[in-house]
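Here's the structure we're looking at; comments come further down.
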Amino acid sequence: MTIQAVIPEDMELVYSYPASLTARSTHYCPGCTHGIVHRLIAEVIDELGIQGQTIGIAPVGCAVLIYDYFDVDFVEASHGRAPAMATGLKRVNPDKIVFTYQGDGDLAAIGTAEIIQAANRGESITTIFINNAIYGMTGGQMAPTTLEGMVTTSSPGGRDPNIAGHPVQMSEILATTAGAVYITREIVADIASINKTKNAIKRAFMAQIAGLGFACVEVLSTCPTNWNMDPWKAMEWAKENMAKTFPLGTFKMADAVKALKA
Amino acid sequence: MTKELLKGNVAFAEAAVRYGVQAYFGYPITPQSEALEHLSGRMIDEGRVFLQAESEVAAINMVYGAACAGVRVMASTSGPGFSLMAEGFSYIAGSEVPVVVVNMMRGGPGLGNIQPSQSDYFFMTKSAGHGDFHAIVLAPANVQELIDMMGLAFDLAEKYRTLVFVAGDGALGQMMESAELPPMQPVRTERPDWAVTGNAGRESRVITSLYLDPDQLEELNLHLQRKLAVIKANEIRWQEYQTDDADLLLIAYGTVGRICLSVMREARQQGLKVGLLRPQTLWPFAEARIAELAGRVRGILVAEMSAGQMLEDVERAVKGKVPIRFHGRMGGNMPMVDEILAEVWKLAAEIGIGEQ
Ligand SMILES: Cc1ncc(C[n+]2csc(CCOP(=O)(O)OP(=O)(O)O)c2C)c(N)n1
Ligand code: SF4
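Chain order of the listed sequences is A and B. Mapping of the first sequence onto our numbering: residues 10 to 271, in sequence order. Mapping of the second sequence onto our numbering: residues 672 to 1027, in sequence order.
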């Protein structure tokens, strides 16, 4: 059913689903930022007119069913291997637009090798990296990105760096690779930052369309459920605490990416 | 076409090029690295995709990605790398995309060594990853058959949308012998109607192995089992040598199957009526034919470069009808003709036939 079919005749449709999203409600918890980022990606795909050429790679994590919400072709990767799958897909389909959508467990723990190597090879793919400092899907265990002192179901006394090491800063690492052309860390905690994140996602897709190399947008996100916070508090907490360990900003932007006009 | 002197690893790699493989992803490991080296030049020259991955885990997932795009794609490896690929095998099986992987088996377990072995038989035929699935496993015994089986492997993979393993061993990969390569075939340009290519002009497609609803996942499994049943009904392959009048039956595959051909000839010269059955598919396995022959011969000798892995499938087919002897070498050692021949004589003595 389309949105148009359910709105009364005397009402004007002023806001709707992007064409690249299906009109299906998501399974995400209330206040989870996965949904926001999905919408931003879909808007970007629509605006760039690439819906028919885009292939997404779903992660293993809360976003495992992302393909139910997008009206583009999708494949489902094993945990952490999305960049390798994307490499195979893109190399045999150089004219398609290939993106991965990955959580911090997926990208910064089990899939560290795949993401760094794909970035270093300068694979012409776009990665959207959802950093919510926790393993959402499996019930709130510690992630490589969990903040120091943060309580999770597998760090009940708070993350102790002497035991678990320090939070991994993936954008900083990816920015050191020669093949990366655009690496940025954004947040989706208020309207301004959401708009800024959308611009970054757009730039990352445009870098791929222009064939410039690897681009990754890290998005500081919330997991109200496993952080044991209400959505508002989670957003505030993300702004105040996550952004300290994971400073916002652009870590790498090649001149050719800078020159792209959104 | 003419015969040329070819090394096994180079032969299967070049055969893949000629059978139109569009992408290759691999990671160096002895005893099959010559294939990767050969393809590193050839694929690029042909304008196709070659990539040396950062690991076999990455390689098989690159293969998986390319397979989802509907192109002819393969990887090759040996034992330790094959173990790493198991995750990908399971996803490939669950999402039903065609993939060919060559495993030039080496001695194990662990790092083992780089000598020939057949000790990945269980792994390849019974459980190449988590979940209920089988790959088709082809077992070439010489370089010519290795070449021919590459074409068969791609055809079967695409016909059934399944995983196909070509099970060689270090000896086959490293040996040079005269063989004939196929003529160059055109690369297929159209993509199958299940491939992800972007949804322009059609509905979106999803390739996944995720089914959260137990009934749906059971239905997928039932579907896979029905497909495997069709494969079992149609694709069992083996070769027989002098089984018509045989009192004793040798069963061996790959390099050992080839050695057993010499054993059979020697034994016949020494007056024993010996035949040979050489499975060319390890899964599906020539169970019914072996059961039939078990009703005619008086004893069976299985030889392998393992502790007796195919032996279990033979035992299951024979169901105790005749005595079975086993001769296995491990650690990268190959059984020689005279040692297997000695076992043939022991078997003959056991059942009271022949005189040396
Ligand atoms: C090989 C493997 N190991 C473990 C798991 C279990 N698992 C599923 S999702 C997940 C973590 C997901 O966390 P993240 O990537 O941060 O995504 P989120 O759920 O927070 O969005 C784990 C460990 C798995 N599916 N596969
Ligand atoms: S568990 Fe966390 S990340 Fe997952 S859907 Fe719920 S809020 Fe979002």
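Backbone N, C-alpha and C fix where the C-beta goes; we use that ideal spot for every residue, glycine too. Predicted model only: the values in this text are computed from it and were never measured.
- prompt: Is the CB-CB distance between B/Ser-788 and B/Gly-781 below 8 angstroms?
  reply: no
message: Nearer than 7 angstroms: is that true of the beta carbon of A/His-43 relative to any heavy atom of ligand 2?
response: yes
- prompt: Which first and last residues belong to the alpha helix (DSSP H) in which A/Asn-102 is found?
  reply: Segment: none, A/Asn-102 is in no alpha helix (DSSP H) and carries neither H nor E.
- prompt: Nearest to A/Glu-56 by alpha carbon, out of A/Phe-223, A/Arg-212 and A/Lys-267?
  reply: A/Arg-212
query: Looking at A/Arg-88 and ligand 1, is the gap between the Cβ and the nearest heavy atom below 7 angstroms?
result: It should be noted that the sequence gives His, not Arg, for residue 88 of chain A. Yes, Cβ of A/His-88 sits closer than 7 angstroms to a heavy atom of ligand 1.
message: Using a Cβ-Cβ distance cut-off of 8 angstroms, determine whether A/Met-94 contacts chain B.
response: yes
message: Can you look up A/Cys-225 in the DSSP assignment and give me helix, strand or coil?
response: strand
message: Measuring CB atoms only, is the stretch 701-718 of chain B touching the stretch 738-751 of chain B, in the sense that at least three cross pairs come out at less than 8 angstroms?
response: yes
- prompt: Could you give the uninterrupted runs of the beta strand (DSSP E) lying entirely in the stretch 770-826 of chain B, keeping only those of 3 residues or more?
  reply: 770-776 and 807-809
query: Quick one: what's B/Trp-909 bridged to in DSSP?
result: B/Pro-950
Short-range partners of chain D found in the stretch 75-86 of chain A, where Cβ spacing is below 9 angstroms: Structure shown: chain D not included; protein chains present are A and B.
field: Own chain partners of B/Lys-674 with C-beta closer than 8 angstroms, once the 5 adjacent residues on each side are dropped
entry: Ser-849, Ala-850 and Glu-851
- request: Could you spell out where the alpha helix (DSSP H) holding B/Val-728 opens and where it closes?
  value: 727-739
Chain A contacts from the stretch 847-872 of chain B (Cβ-Cβ distance under 8 angstroms): Val-867, Thr-868, Gly-869, Asn-870, Ala-871 and Gly-872
- request: Go ahead and pull the three-state DSSP assignment for B/His-894.
  value: helix
query: What number of angstroms, rounded off, separates the C-alpha of B/Gly-759 from the C-alpha of A/Leu-22?
result: 45 angstroms
field: Status (buried if at least 16 other CB within 10 Å, exposed otherwise) for A/Lys-261
entry: buried
query: Do you know offhand how far B/Val-744's Cα is from B/Ile-902's?
result: 21 angstroms
query: Do the CB positions of A/Leu-98 and A/His-36 come within less than 8 angstroms of each other?
result: no
- request: Measure the C-alpha to C-alpha separation of A/Cys-38 and A/Asn-237 and round it to an integer number of angstroms.
  value: 12 angstroms
- request: Could you work out which residue in B/Val-688, B/Val-728, B/Ser-726 and B/Ala-729 is closest to B/His-711 when comparing CA atoms only?
  value: The sequence shown places Ser at residue 711 of chain B, not His. Of B/Val-688, B/Val-728, B/Ser-726 and B/Ala-729, the residue nearest in Cα terms is B/Val-688.
task: State yes or no: is the beta carbon of A/Thr-63 nearer than 8 angstroms to at least one beta carbon in chain B?
output: yes
- prompt: If we cut at 8 angstroms on Cβ distances, does A/Gly-97 have a partner in chain B?
  reply: yes
Buried/exposed call for B/Gln-786, threshold 16 Cβ in 10 Å: buried
task: Mind listing the chain A neighbours of B/Gly-759? Cutoff is C-beta to C-beta under 8 angstroms, in chain order.
output: Ser-87 and Arg-90
- prompt: Is A/Ala-95 near A/Ile-59, with beta carbons less than 8 angstroms apart?
  reply: no
- request: Establish whether the CB of B/Leu-1012 and some CB of chain A are separated by less than 8 angstroms.
  value: no
message: Below 7 angstroms, is the gap between the Cβ of A/Gly-61 and the nearest heavy atom of ligand 2?
response: no
query: Do B/Leu-895 and B/Phe-804 have their C-beta atoms within less than 8 angstroms of each other?
result: yes
query: Taking all protein chains shown into account, do 16 or more other C-beta atoms lie within 10 angstroms of the C-beta of B/Asn-774, making it buried, or fewer, making it exposed?
result: buried
- prompt: Does at least one heavy atom of ligand 2 sit under 7 angstroms from the Cβ of B/Gly-697?
  reply: no
task: Scan the stretch 106-135 of chain A for residues whose Cβ lies nearer than 7 angstroms to a Cβ of chain B and list them as they occur along the chain.
output: Ala-122, Glu-123 and Gln-126
task: Grab me the residues of A/Tyr-76's own chain with a C-beta within less than 6 angstroms of its C-beta, minus the 5 sequence neighbours each way, in chain order.
output: Ala-67 and Phe-83
task: Return the residue from the list A/Asn-171, A/Pro-27 and A/Lys-253 that minimises the CA-CA distance to A/His-47.
output: A/Pro-27
is_contact[A/Gln-217, chain B] using C-beta, thresh 8 angstroms: no
- prompt: Tell me which same chain residues have a C-beta within less than 6 angstroms of the C-beta of A/Asp-113, skipping the five on either side of it?
  reply: Asn-140, Ala-152 and Thr-154
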